[in-house]
Structure formats: structure tokens, C-alpha cells
Amino acid sequence: MAALDIERADFLKDEDILIFEDSVARFFAEHAPPERVEKWRRDGIVERAMWREAGGAGLLCLSVPEQYGGQGGDFRHEAILAEQISRRQVSGFAASLHNAIVAPYILHYGSDEQKKRWLPKMASGEFIGAIAMTEPGAGSDLQGVRTTARLDGNHYVIDGQKTFISNGQLADLVIVVAKTDPSKGAKGTSLIVVETADASGFHRGRNLDKIGMEAQDTSELFFDDVRVRTSNLLGPQEGMGFVQLMQQLPQERLTIGVSGVAVMERALDLTIAYAKERKAFGQRLIDFQNTQFKLAECKTEATVARVFIDRLIGLHLEGKLDAATASMAKYWVSDLECKIVDTCLQLFGGYGYMNEYPIARMFRDSRVQRIYGGANEIMKVLIARAL
Ligand SMILES: Cc1cc2nc3c(=O)[nH]c(=O)nc-3n(C[C@H](O)[C@H](O)[C@H](O)COP(=O)(O)OP(=O)(O)OC[C@H]3O[C@@H](n4cnc5c(N)ncnc54)[C@H](O)[C@@H]3O)c2cc1C
């Protein structure tokens, strides 16, 4: 640790957390070496085998209780995993989405039968999870979702189209946001689980071509009269979907903030090392006052972000993280992440624009952090509402 690196919060320094962090780092060093990650980027998808490997190593469903096949951990474990994925630029491997975003809906709103049916498979990597909120005509304004789930005996018949769905090509289990009563708007929205293997009428569309996160299979999904049992509804009754989303989105937004800080720190480490080596006009880049000031500013801001995020992890562990504060983390950290990565890239000069340099990929991968999980403008709407 350099003199300037302030210590992590105490709850992140417990011995079992440090041991876990070390084991996650070793897992990625072994299972996600650069050449394998590069292949995933070329293929536009992470190998399914990687999910089984992560499941076998105990990295999936970290905060799901052991009785449902999970690791019995808490959000600290999810945060460590998200940080390691960001630091090692394995951004296509959406384990944090699977663990900290999809699984919690089942854990918190599923019946005991549903939890036993789905969570052990998600923990082993046999089932890869996705959540399908966004549609071509409804992203920020989720009340405008047009996908419907019509009751027919003991089945729902799902019709609609989703887009930008992470893990879209791989997903075995998709939580679909659908209107069970279109006349009721938000109050007629429900979350319904679709197991893709035997879902007639379910089709995967394009694996979308993105400017970053190339290894992530962000996709279109189509539902044409897909019949699922009513027992796949999450929650005790229809119409709970919006409330469930509002309760779970803060964790998603905090996770985005956690990743953002990890990226800033890695960008700074790489740039400081580069600036100490690279020479121009007979001196090292770090010897120019402009370089020193830029890096001093970035280091200060990244440190403030680290303190803020660790504090929010603490609040979340105590069950006290509210929607507006999580929105602050999501918007402010992702904006700062993009700013810092851009500043760092500039110090790499032309090399910063070359894909073989990690800073170039960070630049492209970071951009989406300001958009997904709710665009940053929506975060400000949520914060403003709480003023
Ligand atoms: C790589 C990637 C992965 C994703 N993964 C998933 C996933 O797994 N599941 C899923 O459901 N979705 C996913 N998304 C979708 C993502 O959450 C949406 O793109 C996002 O919520 C914005 O919705 P939109 O694209 O429809 O933009 P729009 O709603 O059309 O908004 C466009 C822009 O308009 C502005 N804007 C919108 N509303 C307001 C407002 N009220 N006030 C001020 N400005 C406003 C903002 O600048 C916003 O960025 C993913 C997206 C990407 C790019």
C-alpha cells in the first residue's frame, strides 16, 4: 500500500474477507488469463465453462444462504468480486449481475419452492441468470413496458420484446418485467421467471455490437406466446414488480459504484507507473508539473470516492442504504470514473488509444456505467425527489 492509499473500512479488513479477496484474485489469475479473455472478446461471449468454473470455486451466489446452495456470505463478498472483475478487466463476465442483481430477486421474493428450484443451479453455474427490464420503447421510463403476461388457467402467456439484456445469449433463467394488468400501469407490473430451455416461443435476437465490454453477450430477447406456470411469478401476488424493482435497484447501483472505484484505482496505478517510465523532452512524464497536478487531482478524487463507497457498503450491510444515496453513488462515481480514465488515457498519449493498452479498454468499458442501471439523469431525478 502506498503512503497515500487510505485504509479500507474495518469491516472489509476482517481476516476471512482478506482471504476471500486473495482467493478471488487467484481464481481470475488462473481462469481468466489475458489470452482467454481476449478470445471471449473476439467471440462476443464468455465461455459457459467459465461459469461452471466460477461456481465450482464458490464464487456464484455469494450472498445466498447455504441452504439454497449459496456461499452464505454478504455484500462484502459481492463487492470484492465486483472489484476484482473490474481490476482485472474481465468485464464481460457478468457474475456480479448474476449474483448481486438477479439472484436477490429470487432470494427476497421467491417462495421456498422457487428458491430451492433455482438458486442451487445458479450457485453451481448450471443456470446463468439475466434480468429483462429494458425494451426498445422503454428504458428509463419502465412504466412504459409493453411486454404483457396474460393469465390463462395456471399459466401466464408472455408476449413482448426486450433489448440490451446482459447475459442474453447465455441466460438459462430470465426474470422478465411484464404487465400482468396493463390498465394499472406500475401497479400492474410483475416479475416472472422464464426458464429458457423449455420455453417455446422464446427467441434470442442479436448479440449486440457495442463500443466496449465486447465479451458481454448483451442481447435482444423475444417472447412470442411464451407459456410459463403461474408458480413462476415472484412474490405473493401480481402487481408487486415495481415495488420489488425499487427495493433491489439500490444494490445494483451501489455495485456499479463499487466497480467504478476499482477501475479508477487501477487506471491510476497503471498511469502513475507509465508516467514514471515514459520520457519526453529529456524528462519523465511525471516530472512535468501538469502530469503531477492531473494525477494529484485524480488521486484525490479517487480517494474521496473510495471513502464514500466504503461508507455506503457499510450502510448497506446495516440495511440502511436508501434509494437516493445509492443513486448518488451510481451517478457521481460513474461520472468520475469516466473523467479519471479519460485524464489517464491522455497521459498515455497515442499508446492510450491502442487496444493493447488496458487504459484504452477501460475508456471504452467505463462509458456504459453512466447509462445502465438507470441513466445518470434518472439518478438525479431520484435524488432531487428526496430533497
Ligand atoms: C451494455 C448494456 C447492458 C445493459 N444490461 C441491461 C440488462 O441486463 N437488463 C436490462 O433490463 N437493461 C439493461 N440495459 C439497459 C439500460 O438499463 C438502459 O439502456 C438504460 O436504463 C437507459 O434506457 P434507454 O437506453 O432506453 O434510454 P432512454 O430511456 O431512451 O434515455 C436516453 C437518454 O435520455 C435522457 N433521459 C431519459 N429520461 C430522462 C429524464 N427523466 N430526465 C432527464 N433525462 C432523461 C438520459 O440522458 C438518457 O440516457 C443495458 C444497457 C447497456 C448499454
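Start counting the sequence shown at 2; every next residue gets the next number (the working numbering).
Just so you know, even glycine gets a beta-carbon here, dropped at the ideal spot from N, CA and C.
Classify residue i: buried if its beta carbon has 16 or more other beta carbons within 10 angstroms, exposed otherwise.
i	result
Leu322	buried
Arg89	buried
Glu253	buried
Asn155	exposed
Pro105	buried
Leu152	exposed
Pro137	exposed
Ala387	exposed
Lys122	buried
Asp199	exposed
Lys40	exposed
Pro212	Per the sequence shown, the amino acid found at residue 212 is Ile instead of Pro. Flag for Ile212 reads exposed.
Val334	buried
Thr181	buried
Asp366	buried
Gly385	Sequence inspection shows Ala at residue 385; the Gly mentioned does not correspond to that position. Exposed is the call here.
Ser328	buried
Ser184	exposed
Val382	exposed
Lys116	buried
Gly57	exposed
His204	exposed
Roughly how many angstroms separate the alpha carbons of residue i and residue j, rounded to a whole number?
i	j	result
Val342	Asp218	24 angstroms
Leu209	Ala361	20 angstroms
Lys280	Gly351	14 angstroms
Asn233	Ile193	6 angstroms
Met241	Val177	13 angstroms
Glu298	Val264	16 angstroms
Asp336	Tyr110	32 angstroms
Trp52	Gly93	12 angstroms
Glu36	Val91	12 angstroms
Gly73	Leu5	34 angstroms
Arg118	Val175	14 angstroms
Phe289	Tyr354	21 angstroms
Ala172	Lys163	13 angstroms
Thr292	Ala133	43 angstroms
Ala150	Pro251	26 angstroms
Gly236	Gly206	29 angstroms
Ile7	Arg307	9 angstroms
Leu296	Val262	15 angstroms
Glu196	Glu357	38 angstroms
Thr256	Phe282	42 angstroms
Val47	Ala216	6 angstroms
Where do the ends of the beta strand (DSSP E) carrying residue i lie?
i	result
Ser220	Ser220 to Arg230
Val175	Leu174 to Lys180
Run through the DSSP bridge pairs and tell me what residue i is partnered with.
i	result
Phe128	None; Phe128 has no bridge partner.
Leu234	Ile193
Tyr157	Leu152 and Val229
Phe203	Phe224
Glu136	Ala139
Asn208	Ser220
Taking the continuous alpha helix (DSSP H) assigned at residue i, which residues delimit it?
i	result
Thr301	Gln290 to Leu318
Glu266	Gly242 to Glu278
Arg77	Phe76 to Arg88
Gln370	Looking at the DSSP string, Gln370 is not in any alpha helix (DSSP H), and its letter there is neither H nor E.
Gly56	Arg49 to Gly57
Ser1	Residue 1 lies beyond the range of the chain shown here (2 to 388); nothing can be said about it.
Glu8	Per DSSP, Glu8 belongs to no alpha helix (DSSP H) and is neither H nor E.
Val382	Asn377 to Arg386
Leu108	Ala104 to Tyr110
Is residue i helix, strand or coil when you go by DSSP?
i	result
Glu39	helix
Ile166	strand
Arg285	strand
Asn356	coil
Tyr69	helix
Pro34	coil
Ser184	helix
Glu215	coil
Glu239	coil
Leu61	coil
Lys122	helix
Arg147	coil
Gly93	coil
Gly351	helix
Ala361	helix
Closer than 7 angstroms to a non-hydrogen atom of ligand 3 - does that hold for the CB of residue i?
i	result
Val194	With respect to small molecules bound, the structure shown includes ligand 1 and not ligand 3.
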